[in-house]
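Residue numbers (our numbering), protein chains in the order written: chain A, 179 to 354; chain B, 1133 to 1464. Ideal Cβ positions, reconstructed from N, Cα and C, are used throughout, including at glycine. This report refers to the structure that appears directly beneath it.
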């Protein structure tokens, strides 16, 4: 089963041109560093992924100019920013506001509740998404804060501000 | 007054620790196989994880209940027996069982262990419950979600064991342990494989108008308009047309969650010993929020205060909640 990449490119989402490509280039070193750090700190995460260690996921924060391609293969980790006009064929797509996705990674939000409210959209291989969700949910601590801490006090301050702003945002139907 | 223990879900070791920290009196969990009714991908415990989790829970005076609440296919009982032996060796405090063969094995092999009768046994009459108590030494029954509080009060007078009722989460009213709807479409059994609507058979489709349909094994079971809240992709909560109903309608049940937070005093007064929170498949965020809310409410009641009731509707299916049959048999 593959996720419908035509839907991933649907009009209305930002990031179709040269600006998106530039943004991808700028964030890529950060993403590579983050994913290597998380994989090293939480090796048990991979066991819960089972056969979906080699599944390609598209993580799609709707307000950012790019999407994220994740293949959680411990032997060949992939986590890269991709412009929406050039997303690869993937097994599953997870779409929502950036902060919602971040809070889901940290279990600060409940994935089922976000799905019920239509803030979270899932297409493609549902089992792969469920395994990824359960694997991340078994991680103790905050992946977002670990990532922010890689950039010291400024990183932690930015994350705290983003979380405060997100807490005050209206919720519901954010993927449309 | 009954103890009003809070029995809380744990789908992973991290969720178990979250439940313990949030104030669970007991947590319930299962192995990564068909021996429990939440046999979902990436969920549940290895024996090694359970061993560490039992130690963690016991260090904080929290009990661990092991769900062995599915039915072994005929002649294939070894997996359930091994799970029971492992659970006993690791020191779980009780087993939650549905199948009489599993109950009998544990009663004979591990007679020092408590047996709780799962809701999957669908025992809703004093006669049925007494049968399990007399023949297998069952110490507690988890009642199906089809009884009113006066009925629970009456049952309590007629049975020799404790009563546990669901207070929050999935509102399943099918005859539990007997439902074959998933089996009908997917070939996998909720009751023997532990999978209701297996994720491998679920697909969500987004349509150009912003609506979303959910499919199970290729069959569309609901379609949600762009502004509509969604529910789980289970057949019992699907929306269908029929010769007499050209508009799609919920033929069996609606996507809605049980929330009995306002009925806790009445349930305690009726003799309920333990309150169960559904949701081993849910996140730590759900566990933290729901367990904390009910911990506070139960503590308020125990202290003779009016219970502070947190708003949990954001965590409910379809973002709707009901007191179901507990409030009135007229529900639906």
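- Do residue 1351 of chain B and residue 1369 of chain B have their C-beta atoms closer together than 9 angstroms? Position 219 of the second chain, counted from the start, is the residue given in the question as residue 1351 of chain B. Position 237 of the second chain, counted from the start, is the residue given in the question as residue 1369 of chain B. In this structure, residue 1369 of chain B does not lie closer than 9 angstroms to residue 1351 of chain B by Cβ.
- Starting from the beta carbon of residue 1414 of chain B, find every residue of chain A whose beta carbon is closer than 7 angstroms, and list them in chain order. Residue 1414 of chain B sits at position 282 when you count from the first residue of the second chain. Correct list: 288, 290.
- Query: Closest by CA to residue 1247 of chain B, which one among B:1257, B:1262, B:1273?
  - Reply: In the second chain, the residue the question calls residue 1247 of chain B occupies position 115. The shortest Cα separation from residue 1247 of chain B among B:1257, B:1262, B:1273 belongs to B:1273.
- With burial defined as no fewer than 16 other Cβ atoms inside 10 Å of the residue's Cβ, what is the status of residue 1330 of chain B: buried or exposed? Along the second chain, one-based indexing puts residue 1330 of chain B at 198. By the beta-carbon neighbour count (other beta carbons within 10 angstroms, threshold 16), residue 1330 of chain B is buried.
- Message: Looking at chain D, is there any beta carbon in it that lies within less than 9 angstroms of the beta carbon of residue 317 of chain A?
- Response: Among the chains of the structure shown, chain D does not appear; the protein chains present are A and B.
- Return the Cβ separation of residue 313 of chain A and residue 227 of chain A in integer angstroms, given the expectation that the two are a contact with Cβ distance under 8 angstroms. Stepping through the first chain from its first residue, residue 313 of chain A is reached at position 135. Stepping through the first chain from its first residue, residue 227 of chain A is reached at position 49. In this structure residue 313 of chain A touches residue 227 of chain A by the C-beta definition: roughly 5 angstroms separates them, less than 8 angstroms.
- Message: I'd like to confirm the pairing. Which residues does DSSP put opposite residue 1346 of chain B in its beta bridges?
- Response: Position 214 of the second chain, counted from the first residue, corresponds to residue 1346 of chain B. The beta-bridge partner set that DSSP reports for residue 1346 of chain B consists of B:1336, B:1354.
- Item | Closer than 9 angstroms to chain A by CB, residue 1335 of chain B | Within the second chain, residue 1335 of chain B is the residue found at index 203, counting from 1. Yes, residue 1335 of chain B counts as interfacial toward chain A.
- Give me the Cβ distance between residue 270 of chain A and residue 260 of chain A, rounded to the nearest whole Å; I'm assuming they're in contact under 8 angstroms. Numbered from its first residue, the first chain carries residue 270 of chain A at position 92. Numbered from its first residue, the first chain carries residue 260 of chain A at position 82. In fact, because the Cβ distance is near 15 angstroms, the residues do not count as touching under 8 angstroms.
- Query: Who are the neighbours of residue 312 of chain A on chain B, taking C-beta pairs under 8 angstroms?
  - Reply: Mapped onto the first chain, residue 312 of chain A falls at position 134. The answer, in chain order, is 1143, 1144, 1172, 1173, 1174, 1175.
- Neighbour flag for residue 302 of chain A against chain B, beta carbons, 9 angstroms: On the first chain, residue 302 of chain A is found 124 positions in, with the first residue counted as 1. Closer than 9 angstroms: yes.
- Cα separation between residue 1284 of chain B and residue 1404 of chain B? Position 152 of the second chain, counted from the start, is the residue given in the question as residue 1284 of chain B. Position 272 of the second chain, counted from the start, is the residue given in the question as residue 1404 of chain B. Using only the alpha carbons, I get a separation of about 8 angstroms.
- Item | Sufficient close CB pairs (3 or more, under 8 angstroms) joining the stretch 1147 to 1161 of chain B to the stretch 1417 to 1424 of chain B | These segments touch.
- Query: When DSSP labels each residue in this structure, what does residue 1083 of chain B get in the three-state scheme?
  - Reply: For residue 1083 of chain B there is no data in the structure shown, the boundaries of chain B being 1133 and 1464.
- When the Cβ atoms of the stretch 1171 to 1183 of chain B are set against those of the stretch 1284 to 1296 of chain B, are three or more pairs found closer than 8 angstroms? Short answer: they don't touch.
- Message: Tell me the rounded alpha-carbon separation between residue 1318 of chain B and residue 1141 of chain B.
- Response: By 1-based counting over the second chain, the position of residue 1318 of chain B is 186. By 1-based counting over the second chain, the position of residue 1141 of chain B is 9. When rounded, the distance between both Cα atoms is 26 angstroms.
- Chain-ordered chain B contacts of residue 308 of chain A [CB-CB under 7 angstroms]: Position 130 of the first chain holds residue 308 of chain A. What residue 308 of chain A touches in chain B: 1172, 1173, 1174, 1331.
- When you compare only the Cα positions, how much space is there between residue 1312 of chain B and residue 1321 of chain B? Residue 1312 of chain B sits at position 180 when you count from the first residue of the second chain. Residue 1321 of chain B sits at position 189 when you count from the first residue of the second chain. Their Cα atoms are separated by approximately 7 angstroms.
- Message: Between residue 320 of chain A and chain B, is any beta-carbon pair separated by less than 9 angstroms?
- Response: Looking up residue 320 of chain A in the first chain gives position 142. It does not; no Cβ of chain B falls within 9 angstroms.
- Please confirm whether residue 250 of chain A and residue 233 of chain A have their CB atoms less than 9 angstroms apart. Within the first chain, numbered from 1, the residue matching residue 250 of chain A stands at position 72. Within the first chain, numbered from 1, the residue matching residue 233 of chain A stands at position 55. Result yes, Cβ atoms of residue 250 of chain A and residue 233 of chain A sit closer than 9 angstroms.
- Item | residue 1153 of chain B, DSSP secondary structure in three states | On the second chain, position 21 is the one that residue 1153 of chain B refers to. In the structure shown, residue 1153 of chain B sits in a helix (DSSP, three-state: H, G or I).
- Query: Under a three-way DSSP split, which group does residue 1391 of chain B fall into?
  - Reply: Within the second chain, residue 1391 of chain B is the residue found at index 259, counting from 1. Here residue 1391 of chain B sits in strand by DSSP.
- Task: Please report how far the alpha carbon of residue 1358 of chain B lies from the alpha carbon of residue 325 of chain A, in whole angstroms.
- Result: On the second chain, position 226 is the one that residue 1358 of chain B refers to. On the first chain, position 147 is the one that residue 325 of chain A refers to. Straight-line measurement puts the Cα of residue 325 of chain A at about 34 angstroms from the Cα of residue 1358 of chain B.
- Query: How many angstroms separate the CA atom of residue 1182 of chain B from the CA atom of residue 1222 of chain B?
  - Reply: Against the second chain, residue 1182 of chain B aligns to sequence position 50. Against the second chain, residue 1222 of chain B aligns to sequence position 90. Going from the Cα of residue 1182 of chain B to the Cα of residue 1222 of chain B covers about 7 angstroms.
- Query: Are the C-beta of residue 1344 of chain B and some C-beta of chain A separated by less than 9 angstroms?
  - Reply: Here residue 1344 of chain B refers to the residue found at position 212 when the second chain is read from its first residue. For residue 1344 of chain B, the answer is yes, since a Cβ of chain A falls inside 9 angstroms of its Cβ.
- Report yes if the CB atom of residue 1347 of chain B is closer than 9 angstroms to the CB atom of residue 1335 of chain B, and no otherwise. Along the second chain, read from residue 1 onward, the residue named residue 1347 of chain B stands at position 215. Along the second chain, read from residue 1 onward, the residue named residue 1335 of chain B stands at position 203. Contact flag set, yes.
- Message: To test your reading of the DSSP string, which unbroken alpha helix (DSSP H) runs of 4 or more residues are found completely within the stretch 193 to 220 of chain A?
- Response: Qualifying alpha helix (DSSP H) stretches, in chain order: 196 to 219.
- Message: Contact criterion: CB-CB distance below 9 angstroms. Does residue 1319 of chain B meet it with respect to chain A?
- Response: Residue 1319 of chain B sits at position 187 when you count from the first residue of the second chain. No, no contact with chain A.
- Message: Can you pull the chain A neighbours of residue 1451 of chain B, defined as C-beta to C-beta under 7 angstroms?
- Response: Working through the second chain from its first residue, we reach residue 1451 of chain B at position 319. Contact of residue 1451 of chain B with chain A by beta-carbon distance below 7 angstroms involves 294, 295.
- From residue 1440 of chain B to residue 1394 of chain B, what distance separates their C-alpha atoms? Along the second chain, read from residue 1 onward, the residue named residue 1440 of chain B stands at position 308. Along the second chain, read from residue 1 onward, the residue named residue 1394 of chain B stands at position 262. Cα to Cα, the separation comes out at about 9 angstroms.
- Query: Using a beta-carbon distance below 9 angstroms, is residue 282 of chain A in contact with chain B?
  - Reply: The sequence position of residue 282 of chain A within the first chain is 104, counting from 1. By this cut-off, residue 282 of chain A is an interface position.
- Item | Burial state of residue 1408 of chain B, where buried means 16 or more other Cβ atoms lie within 10 Å | Your numbering for residue 1408 of chain B matches position 276 in the second chain. Buried, by the Cβ-count rule.
- Query: By Cβ distance below 6 angstroms, which residues in the same chain neighbour residue 1234 of chain B in space, the five residues on each side in sequence not counted?
  - Reply: Taking the second chain and counting its residues from 1, the one referred to as residue 1234 of chain B is at position 102. The answer, listed in chain order, is 1200, 1212.
- Does residue 1461 of chain B get closer than 9 angstroms to chain A when you measure Cβ to Cβ? Translated into the one-based positions of the second chain, residue 1461 of chain B becomes position 329. No - not a single Cβ of chain A is within 9 angstroms of the one on residue 1461 of chain B.
- Could you tell me the distance, in whole angstroms, from the CA atom of residue 237 of chain A to the CA atom of residue 289 of chain A? Position 59 of the first chain, counting from 1, holds the residue named residue 237 of chain A. Position 111 of the first chain, counting from 1, holds the residue named residue 289 of chain A. Cα to Cα, the separation comes out at about 14 angstroms.
- residue 1374 of chain B: first and last residue of the uninterrupted beta strand (DSSP E) it sits in: Looking up residue 1374 of chain B in the second chain gives position 242. From DSSP, the beta strand (DSSP E) with residue 1374 of chain B extends over 1371 to 1374.
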